[in-house]
Each structure stands twice: as C-alpha cells, then as structure tokens.
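Peer 1: Reading the sequence shown from the start, the letters are residues 1 to 489 in this note's numbering.
Here it is, the structure in full.
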Amino acid sequence: MERVRFTCRTIVMFALMALVFTGPGFTRTRAAEQDQETVSEGQSPESTGKEAVTEGQSPESAEKGPVTGEQSPESVEKGPVSEENNRSSDDTKENAETVQSPTAEKSLKSDRENVRTAKSIKLSGKTLTFMQKVETGRFLSSDTLPDKLKLKAGRKKNMLTWKKSKALSNISGFIVLRKSTATGSYKQIAILPASRKYYTDKTAAKKNQQYTYCIVSYKKGDTIQITDETTDWVSGVITGSRKVNVYSVKISNLSKVKNMSMGTSVKMEMVFPKKAVSTSMRWCSSDTNIVTVNNKGLVYAKSVGNAVITGRTATGYTVAVKVKVIEGGTAQALLKVMSSWLNYSESNRKHRKIIDIYNSYGNLPVGYKVKYSDAWCDTCVSAAAIISGNVAQIGRECGVTRHVELFKKKKIWIENGSIIPKPGYLIVYNWGKSRQPNNSGGSHIGVVYSVKKRWITTLEGNYGDKVKMRRIPVGWGFIRGYAKPKYRK
Numbered sequence: 001m002e003r004v005r006f007t008c009r010t011i012v013m014f015a016l017m018a019l020v021f022t023g024p025g026f027t028r029t030r031a032a033e034q035d036q037e038t039v040s041e042g043q044s045p046e047s048t049g050k051e052a053v054t055e056g057q058s059p060e061s062a063e064k065g066p067v068t069g070e071q072s073p074e075s076v077e078k079g080p081v082s083e084e085n086n087r088s089s090d091d092t093k094e095n096a097e098t099v100q101s102p103t104a105e106k107s108l109k110s111d112r113e114n115v116r117t118a119k120s121i122k123l124s125g126k127t128l129t130f131m132q133k134v135e136t137g138r139f140l141s142s143d144t145l146p147d148k149l150k151l152k153a154g155r156k157k158n159m160l161t162w163k164k165s166k167a168l169s170n171i172s173g174f175i176v177l178r179k180s181t182a183t184g185s186y187k188q189i190a191i192l193p194a195s196r197k198y199y200t201d202k203t204a205a206k207k208n209q210q211y212t213y214c215i216v217s218y219k220k221g222d223t224i225q226i227t228d229e230t231t232d233w234v235s236g237v238i239t240g241s242r243k244v245n246v247y248s249v250k251i252s253n254l255s256k257v258k259n260m261s262m263g264t265s266v267k268m269e270m271v272f273p274k275k276a277v278s279t280s281m282r283w284c285s286s287d288t289n290i291v292t293v294n295n296k297g298l299v300y301a302k303s304v305g306n307a308v309i310t311g312r313t314a315t316g317y318t319v320a321v322k323v324k325v326i327e328g329g330t331a332q333a334l335l336k337v338m339s340s341w342l343n344y345s346e347s348n349r350k351h352r353k354i355i356d357i358y359n360s361y362g363n364l365p366v367g368y369k370v371k372y373s374d375a376w377c378d379t380c381v382s383a384a385a386i387i388s389g390n391v392a393q394i395g396r397e398c399g400v401t402r403h404v405e406l407f408k409k410k411k412i413w414i415e416n417g418s419i420i421p422k423p424g425y426l427i428v429y430n431w432g433k434s435r436q437p438n439n440s441g442g443s444h445i446g447v448v449y450s451v452k453k454r455w456i457t458t459l460e461g462n463y464g465d466k467v468k469m470r471r472i473p474v475g476w477g478f479i480r481g482y483a484k485p486k487y488r489k
C-alpha cells in the first residue's frame, strides 16, 4: 500500500511540474526575455538601432507596425485627443498580456489612419524627439508648417490663427501642441485638417496661467511622417488674468535705429504695456549682410544698404523697422548727416531729435543730460559723429572748451585759425577775440563743408537757433583753431 501511495504522489508531482514548465505563462515570459527590447522614456529608438515596444504590445505586433495610442482612427480625424484618452489605465496594463497581435493588414491600416500621440513626442526648443519609432526617419520639410502663428485671448479660451503653409498639398493636417508651465512638456491637444487656419482652445480656462502653443505638420502614408521642427511658439494668458498679453510694442529710440552708419551698433529700447505677461521679443533681419539683430534687440550695421528688421512678441504679433545704413567713419558720412539736419530748429522743435540722439548714446560725458533749452552746437556735432560712425574719430561732448581738450588728447588739434582747412575739419570759434592768433577759450563749433577761393562754408548747429550754413573768409579773426579727425579712407 505504501508503495502505491508513493507512486501516486510521484505521478502527481511530475504532472504538476510538466504543467508549470510548459504552460502559456512560462512560454510567454521566456519569449519576452529573448525577444522583447524596450526603449526607455526620453530615449530615441535610433540610438538603440531597434524599434521600441510599447507596454502591452507583443514583440510580434511590434515587427508588423507601431501602436500609436488607444485612439481610434475615427476619433483622430474628428477632433482633439485629451490627456485622459492618452493615459493608459491600470486595467489596460493588467490586460496587456491578453492583447492579440494585429494582422499585417490591420497594422498597415493603423499606420495610414492614425497619427502619433503626444506620448511619442518630446519637444526641446523647436526640435522634436520621438519616444517610439513610428516612421522611417524621413521628415516633412519645414515649408509645410503654418506661417505667422498668432494668439488672441478671450474669456476662458485662447484663439490661434495662422496663414496656410506654402506646401499645403503635401500634408494631411496639423497637430496642435500645448504646455502650461515654463519647464513642462508639450501635450497634443488637437489634430486638424490641412485646410484649417484657426483653432480655439476652450480648455485654457485657468486665470493667471500662461499657456504656450506650437504646431507641427503631418502626412499619412505607409508610415506617418511629421516635421522635425515646429512653428515658432506663441504664449499668453486668458482675459481677466493679473497680467496682460502683448499685442503691440513701441521703440523709444526709433530714429537712432532707422539711420545707422556702417560699423555702429544700437540697442533698441522697447516699451511694453504695464503688467505684460512676457517682454521677450524674437528678432530677425531681411538681409544679414547689411544688418544683424539678436533677441536682446542689439542691432549691428555691417554694410551700406537698406534692410528691415522684424520683431515678434510672445503672442505672435510683429513690429517692423526699416534700417538705412550709410558708410561710417568718413568725412563724407559726417557731412551727409549734418546736411540732412539743415533747418532743424528750436522753432520747429526738430532740434530735440538731435539732442535725443546725444542723450541716448551710452554713458554721457561728464554725466550731464542735455536739456532742450541748452546751447546745442557741440551736441549737434557729437550727435552727427554718433550717427555717421565717427565717435572714435571725433569723440562726444556738449561743451566746446572740454571738446578742445579732448581733441588735444587725440592729437588732432591744430592751434592755428589762419590755415586753409579741408572738408570734414571741425572749426572752433572764440567770440571773445576778433584777431589772429586767437588761441584761448571756446565759444562755438561747427564742421567745414567746403573751401573755395579762400572762402570757407561750414555746417553749424544752434546757429541762429537752427542747423545752418555759414560762409567766412580763410583766417577770419574769430576762428580759434581746427580739429583734423583721423577719418577712415
């Protein structure tokens, strides 16, 4: 009897062992260990050289085609995908092992009719990184992206508008991405047809919350293609928030930017609305060979010509400035600027533009800000030096006597009022003496415009309260002396 019981127990034990080692659970586990290779979040599939297998997807289905989310093709085409639809529930994870591999036909259909979900996109700046491989690596060109994306806020919603892309016929539609924190990640909120030129985000309803948007283009095919860049982002808050969106800006030193000399730079002084949610501007130049500009608003004049610099606010609205660059560092450039100011006077208040140029350029000499009621002859010469790119050659001052001392330091001063000057020389007068030699003090200053048959024509600011020409003989008794700047040839 004991022998029979031992034999029965042995048979039962072997049967259980056979069931365990040959059961479907063990077989699947071994297969997963041998075949399944996953890509961790944030890792590009290209870096592993193998396709990523999403959670709940068998190795066989991974070979046949990507799983792009739980969203049906119909829901993709009808409207936006919410975060709730994108999240995998615990029930889905528990039942992942029971998901059957799709057939090749179903997998191909899924590729053609579905677009990647937000979980497969990681956005850094304007570059997209893909969390799971869903296409062959060939991207759509950037000209398929919408142009001039703008944001207009309303109550409990944000309206996005744009112009059609240049290659509209080459795409199937757009994917709208959004993030609600400065350092957070973008989430897909809508899939739109290519013909659409607007989108209203009615879920952006939280006051004082800044929302940021961008758009990518996609195309259906054997695989889903997408642009590897996005549009420029737009950002703003809904109406009623503590801060306001920026739809227009002003440049306080516009005249200084519009006319520049080669080799000079100007930082634009931007005036934003009070309580602006963002004071950032994105700048670009129509011709970087003539003018360059960075996102801090620093404009640099590289060569003679005309160009347009365009600034874009966080909401997508733009301001454009036409910049004219003249040749700098030459006598001709200085005379051209002074000539353009002829008849600028105190009576028409245009002399204020000259004083503003002087006051807005860097640290002020002796720390003094010139008033509109001050004498402005030397201020005019200094402002012309700024605009013509001759600050290094002439220097800046608002007092004639101090400017003469600066000329001496630069070793360009000629203490002789009897010489025959050349165009571009700076002429200094002393009204306290009427005979040569006149070698003390300093009452007035101008620029020599021309010399003909011992007659000198000058350009002077604050001559009779205006910018005006004067004609005097060579060696006139009131001439204190001249400065001979080292102009660029």
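Positions of the beta carbon are idealized from the N, C-alpha and C atoms, including for glycine.
Note that this is a predicted model, so its numbers are computed, not measured.
DSSP three-state call for F174: helix, strand or coil?
Peer 2: As a first step, residue 174 is located in the sequence shown; it is residue number 174 there, counting from the start. If DSSP states are grouped into helix, strand and coil, F174 belongs with the strands.
Peer 1: Does the Cβ-Cβ distance between Y247 and T200 come in under 8 Å?
Peer 2: Locating residue 247 in the sequence shown gives position 247, where the first residue counts as 1. Locating residue 200 in the sequence shown gives position 200, where the first residue counts as 1. No.
Peer 1: With a threshold of 16 other CB atoms inside 10 Å of the CB of R87, please say whether the residue is buried or exposed.
Peer 2: Here residue 87 refers to the residue found at position 87 of the sequence shown. Summary for R87: the model assigns pLDDT 38, below 50, so the residue's position carries little reliability; its value from the coordinates is reported in the next sentence. Exposed.
Peer 1: Give me, in chain order, the residues of the same chain whose beta-carbon lies closer than 7 Å to that of Q436; leave out the 5 immediate sequence neighbours on both sides.
Peer 2: Position 436 of the sequence shown, counting from 1, holds the residue named residue 436. Correct list, in chain order: G417, S418, G475, G477.
Peer 1: For the stretch 343-351 against the stretch 275-288, are there 3 or more C-beta pairs whose distance is under 8 Å?
Peer 2: No: the two stretches stay apart, fewer than three of their Cβ pairs being nearer than 8 Å.
Peer 1: Could you say which of I175, I215, V381 lies nearest to L334 if we only look at CA atoms?
Peer 2: Your numbering for residue 334 matches position 334 in the sequence shown. Looking at the Cα atoms, V381 is the closest of the given residues.
Peer 1: Do V291 and V323 have their C-beta atoms within less than 8 Å of each other?
Peer 2: Taking the first residue of the sequence shown as position 1, residue 291 is located at position 291. Taking the first residue of the sequence shown as position 1, residue 323 is located at position 323. The answer is yes: Cβ separation under 8 Å.
Peer 1: To the nearest angstrom, how far is the alpha carbon of I414 from that of G481?
Peer 2: Counted from its first residue, the sequence shown places residue 414 at position 414. Counted from its first residue, the sequence shown places residue 481 at position 481. Spanning the two alpha carbons is a distance of roughly 6 Å.
Peer 1: Out of P423, K468, R312, point me to the one whose CA is closest to Y344's CA.
Peer 2: On the sequence shown, position 344 is the one that residue 344 refers to. The candidate whose alpha carbon is nearest that of Y344 is K468.
Peer 1: Measure the CB-CB distance between V249 and T313 and report whether it falls below 8 Å.
Peer 2: Mapped onto the sequence shown, residue 249 falls at position 249. Mapped onto the sequence shown, residue 313 falls at position 313. Contact flag set, yes.
Peer 1: With respect to the beta strand (DSSP E) encompassing V257, which residues constitute its N-terminal and C-terminal limits?
Peer 2: Locating residue 257 in the sequence shown gives position 257, where the first residue counts as 1. Run containing V257: none in the beta strand (DSSP E); it sits in the alpha helix (DSSP H), 254-258.
Peer 1: Between which residues of its own chain and I251 is the CB-CB distance below 8 Å, once the five residues before and five after are set aside?
Peer 2: Numbered from its first residue, the sequence shown carries residue 251 at position 251. The residues are V257, M268, E269, M270, V271, V319, V321.
Peer 1: Can you check DSSP and say which residues form a bridge with L151?
Peer 2: Looking up residue 151 in the sequence shown gives position 151. Bridge partners of L151: L160.
Peer 1: When you compare each of A205, N245, S165, V293 to I215 by their alpha carbons, which one comes out closest?
Peer 2: The residue given as residue 215 occupies position 215 in the sequence shown. Taking only the C-alpha atoms, the option nearest I215 is S165.
Peer 1: Counting beta carbon pairs with one atom in the stretch 287-304 and one in the stretch 229-245, are three or more of them shorter than 8 Å?
Peer 2: At 8 Å Cβ cutoff, the stretches do not touch.
Peer 1: On the three-state DSSP scale, how would you describe M338?
Peer 2: As a working note, residue 338 is residue 338 in the sequence shown. Looking at M338 - three-state DSSP - the assignment turns out to be helix.
Peer 1: Pull up the distance between the alpha-carbon of R155 and that of I238, whole angstroms please.
Peer 2: As a first step, residue 155 is located in the sequence shown; it is residue number 155 there, counting from the start. As a first step, residue 238 is located in the sequence shown; it is residue number 238 there, counting from the start. Taking the straight line from one Cα to the other gives about 6 Å.
Peer 1: Compute the beta-carbon to beta-carbon distance between L426 and I472, rounded to the nearest angstrom, for a pair I have assumed lies under 8 Å.
Peer 2: On the sequence shown, residue 426 is found 426 positions in, with the first residue counted as 1. On the sequence shown, residue 472 is found 472 positions in, with the first residue counted as 1. About 14 Å; that fails the 8 Å criterion.
Peer 1: According to DSSP, S217 sits in a beta bridge with which residue or residues?
Peer 2: Taking the sequence shown and counting its residues from 1, the one referred to as residue 217 is at position 217. The partner list for S217 (beta bridge, DSSP) reads F174.
Peer 1: Can you tell me whether E460 is helix, strand or coil according to DSSP?
Peer 2: For the purposes of this step, residue 460 is taken as residue 460 along the sequence shown, with counting starting at 1. DSSP places E460 in strand when its eight states are reduced to three.
Peer 1: Short of 8 Å in beta carbon distance, which residues of its chain neighbour K157, apart from the five on each side in sequence? Order them along the chain.
Peer 2: In the sequence shown, residue 157 corresponds to position 157, counting from 1. If we look at K157 and ignore the five residues flanking it on each side, its Cβ neighbours are T200, D201, K202, A204, A205, I238.
Peer 1: Along the beta strand (DSSP E) that carries S285, what are the first and last residues, could you check?
Peer 2: As a working note, residue 285 is residue 285 in the sequence shown. Note, S285: beta strand (DSSP E), 282-285.
Peer 1: Under a three-way DSSP split, which group does E229 fall into?
Peer 2: Taking the sequence shown and counting its residues from 1, the one referred to as residue 229 is at position 229. Of the three classes helix, strand and coil, the one that applies to E229 here is strand, per DSSP.
Peer 1: Is the beta carbon of L459 closer than 8 Å to that of G442?
Peer 2: Taking the first residue of the sequence shown as 1, we reach residue 442 at position 442. Taking the first residue of the sequence shown as 1, we reach residue 459 at position 459. Result no, Cβ atoms of G442 and L459 do not sit closer than 8 Å.
Peer 1: Are V391 and A383 closer than 8 Å when you measure CB to CB?
Peer 2: Here residue 391 refers to the residue found at position 391 of the sequence shown. Here residue 383 refers to the residue found at position 383 of the sequence shown. Not closer than 8 Å, so no.
Peer 1: Counting beta carbon pairs with one atom in the stretch 138-150 and one in the stretch 180-187, are three or more of them shorter than 8 Å?
Peer 2: Flag = no, the stretch 180-187 and the stretch 138-150 do not touch.
Peer 1: Measure the beta-carbon distance from K243 to T212 and round it to whole angstroms, keeping in mind my assumption that it falls under 8 Å.
Peer 2: Taking the sequence shown and counting its residues from 1, the one referred to as residue 243 is at position 243. Taking the sequence shown and counting its residues from 1, the one referred to as residue 212 is at position 212. K243 to T212, Cβ: 14 Å. No contact.
Peer 1: Taking the beta carbon of A182 as the centre, do at least 16 other beta carbons fall within 10 Å, making it buried, or is it exposed?
Peer 2: Translated into positions along the sequence shown, residue 182 becomes position 182. The residue is exposed, with fewer than 16 neighbouring Cβ atoms inside 10 Å.
Peer 1: Compute the Euclidean distance between the alpha carbons of S107 and I175, then round it to the nearest angstrom.
Peer 2: Within the sequence shown, the letter at position 107 stands for residue 107. Within the sequence shown, the letter at position 175 stands for residue 175. Unreliable positioning characterises S107 in this predicted model, as indicated by a pLDDT of 32, which lies under 50. The coordinate reading is nonetheless provided below. Cα to Cα, the separation comes out at about 22 Å.
Peer 1: So the beta strand (DSSP E) R488 belongs to, where does it begin and stop?
Peer 2: By 1-based counting over the sequence shown, the position of residue 488 is 488. Here R488 belongs to no beta strand (DSSP E), and DSSP marks it neither H nor E.
Peer 1: Here's a check: name, in chain order, each residue in its chain whose Cβ is nearer than 6 Å to the Cβ of G240, leaving out the five neighbours to either side.
Peer 2: Counting from 1 along the sequence shown, the entry for residue 240 is found at position 240. Excluding sequence neighbours, G240 sits near K207.
Peer 1: Kindly list the residues whose CB is nearer than 6 Å to the CB of V293, restricted to its own chain and excluding five residues on each side of it in sequence; keep chain order.
Peer 2: Here residue 293 refers to the residue found at position 293 of the sequence shown. Once the five neighbours on either side are set aside, the close Cβ partners of V293 are W283, S285, V299, I309.
Peer 1: Which stretch, first to last residue, makes up the beta strand (DSSP E) that contains A483?
Peer 2: Position 483 of the sequence shown, counted from the start, is the residue given in the question as residue 483. Element bounds for A483: 479-483.
Peer 1: Here's the rule I'm using: 16 or more other beta-carbon atoms within 10 Å means buried, otherwise exposed. How should R396 be labelled?
Peer 2: By one-based count along the sequence shown, residue 396 stands at place 396. By the 10 Å Cβ count, R396 comes out buried.
Peer 1: My output table needs one value for P421: the three-state DSSP class, helix, strand or coil.
Peer 2: By 1-based counting over the sequence shown, the position of residue 421 is 421. Correct three-state label for P421: coil.
Peer 1: Would I420 and A483 qualify as a contact pair, given that the criterion is a beta-carbon distance under 8 Å?
Peer 2: Mapped onto the sequence shown, residue 420 falls at position 420. Mapped onto the sequence shown, residue 483 falls at position 483. Cβ distance not < 8 Å, so I420 and A483 don't count as in contact.
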